[in-house]
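Asker:
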Ligand SMILES: Cc1cc2nc3c(=O)[nH]c(=O)nc-3n(C[C@H](O)[C@H](O)[C@H](O)COP(=O)(O)O)c2cc1C
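In the numbering used here, the protein residues as written are 3 to 336.
1) Taking 6 Å as the limit between beta carbons, can you name the residues of its chain near residue 69, skipping five residues before and five after?
2) Starting from residue 224, follow the beta strand (DSSP E) in both directions and report where the run begins and ends.
3) Rounded to whole angstroms, what is the Cα-Cα separation between residue 257 and residue 93?
4) Pick helix, strand or coil for residue 294, following the three-state DSSP scheme.
5) Less than 6 Å between C-beta atoms, sequence neighbours within five positions excluded: which residues of the same chain meet that for residue 270?
6) Within the stretch 246-329, note down every full beta strand (DSSP E) run reaching 3 residues or more, in order along the chain.
7) Please specify which runs of the alpha helix (DSSP H), each continuous and at least 4 residues long, are wholly inside the stretch 113-171, giving them in chain order.
8) In the structure shown, what three-state DSSP assignment does residue 334 receive?
9) Since residue 26 sits in a beta bridge, which residues does DSSP pair it with?
10) Are there 16 or more other CB atoms within 10 angstroms of the CB of residue 156, so buried, or fewer, so exposed?
11) Quick check: what's the CA-CA separation for residue 301 versus residue 295?
12) Please report the straight-line C-alpha distance between residue 254 and residue 136, rounded to a whole angstrom.
13) Just checking my contact of residue 183 with residue 111 at CB under 8 Å: how many whole Å lie between their CB atoms?
14) Going along the chain, which residues of its own chain have a beta-carbon closer than 8 Å to the beta-carbon of residue 61, five neighbours each way excluded?
15) Starting from the C-beta of residue 224, find all residues in its chain whose C-beta is less than 7 Å away, skip the five residues before and the five after it, and write them out in chain order.
16) Let me know the secondary structure DSSP gives residue 4 once reduced to three states.
17) Grouping DSSP H, G and I as helix and E and B as strand, with all else coil, what is residue 237?
18) Could you check which residue in 330, 249, 279, 273 has the C-alpha nearest to that of residue 168?
19) Are the stretch 201-208 and the stretch 238-254 touching, with three or more C-beta to C-beta distances below 8 Å?
20) Tell me residue 84's beta-bridge partners as DSSP assigns them.
21) Pull up the distance between the alpha-carbon of residue 39 and that of residue 259, whole angstroms please.
22) Quick check: the Cα distance between residue 116 and residue 72, rounded to an integer number of angstroms?
23) Is the stretch 177-193 touching the stretch 303-314 in the sense that three or more CB pairs, one from each, lie closer than 8 Å?
24) Taking buried to mean at least 16 other C-beta atoms within 10 Å of its own C-beta, is residue 344 buried or exposed?
25) Just list the residues that DSSP pairs residue 75 with in beta bridges.
26) Shortest alpha-carbon distance to residue 320 belongs to which of 176, 265, 252, 200?
27) Given a cut-off of 8 Å, decide if residue 161 and residue 171 are closer than it, judged by their beta-carbon atoms.
28) Mind checking whether residue 129 and residue 80 have CB atoms under 8 Å apart?
29) Would you check whether ligand 1 has a heavy atom nearer than 7 Å to the C-beta of residue 282?
30) According to DSSP, is residue 208 helix, strand or coil?
31) Specify, as a first and last residue, the run of the alpha helix (DSSP H) that residue 59 falls within.
32) Does the beta carbon of residue 173 fall short of 7 Å from some heavy atom of ligand 1?
33) Could you give the C-beta distance for residue 119 and residue 327, rounded to a whole number, given that I count them as a contact under 8 Å?
34) Per DSSP, what are the beta-bridge partners of residue 339 in this structure?
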């Protein structure tokens, strides 16, 4: 008998469990701290052109959505636009004006001015001059491709086509008709999505389907990403991970990886089932998290990773173009 086996044999089972738990927690601390250090060091960094584009895109996204809201609100996002214009000025000074992603941002600013001109409403004074000054530097930016005009009738025309066309036809939809999506259709989409791969086939993803409008409102009251369209959402799906399905420090991120893969599969499945959808963040601080868990009676062992808001499409609506990076910008060859 090895010493290890002898020690195990003489120590009472309860003490052994305590020791195992202590070791597990010590390990978890080490692993989480390792991630913490890297995240603390690099998130939100502003040292390179790529960093700055990431920051600009973040601000830009808040504005981009404004063009596609069910009710267009003239003068929307003034504070965001102020911030964006400041970042743009600084970007041109630091990195010049050739970056293609930066030029997409300029197009968005161009569209902001244009959409106000179209309805004969002046751009808010606090930003009007700044916008003109920036656009003067980009005389060749004279068209905008910020949003795509869609019709409920044709939006799903490409769902039977080959994968590159099918996947390219999916966009985040932020405008819904109010006609309810049958729960059965949602379940069929989830049935398709559950073919998603998962670590060791653990299948730890769970989906909470919320149909009750008051409950949806309870979640949205704590959430910043549904402004302007949340009231049109028909159903809300909470994509959760079943934490007991994971074991140790090495697996600490799997709950998020598995749920993320499942979420994308579900986004495609919903598209295939002709259900409009937008993925929504779960950027909840602990206090907001607690409020929602309590209100919806979600067990603590489920961790909500992300949400998907869904609904049927209205007759006419807009989606954001959301331009993507060039291939060479996301590949590192070694
Ligand atoms: C993890 C995640 C969180 C998101 N959160 C929000 C959100 O809170 N509000 C929103 O309007 N869109 C949200 N989106 C949708 C993104 O804005 C959208 O996917 C992105 O702009 C690209 O557009 P596309 O989906 O049309 O390609 C989220 C997407 C992901 C993947």
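Yeah, the Cβ is synthetic: ideal placement off N, Cα and C, and Gly gets one too.
Note that the coordinates shown come from a computational prediction; the quantities given were computed from them, not determined experimentally.
Answerer: Looking at the coordinates:
1) 148, 149
2) No beta strand (DSSP E) contains residue 224, which DSSP labels as neither H nor E.
3) 37 Å
4) helix
5) none
6) 278-282, 304-313, 318-322
7) 127-138, 165-170
8) coil
9) Answer is none; residue 26 lacks a bridge partner.
10) exposed
11) 7 Å
12) 45 Å
13) Actually they do not touch by this definition, with Cβ atoms about 36 Å apart.
14) 82, 85, 86, 89
15) 286, 290, 293, 294
16) coil
17) strand
18) 273
19) yes
20) Paired residue(s): none; residue 84 is not in a bridge.
21) 20 Å
22) 19 Å
23) yes
24) Residue 344 lies beyond the range of the chain shown here (3 to 336); nothing can be said about it.
25) For residue 75, which the question treats as bridged, DSSP gives no partner whatsoever.
26) 176
27) yes
28) yes
29) yes
30) strand
31) 51-68
32) yes
33) So it is not a contact: roughly 30 Å between Cβ atoms.
34) Nothing in the structure corresponds to residue 339, since the chain is present only between 3 and 336.
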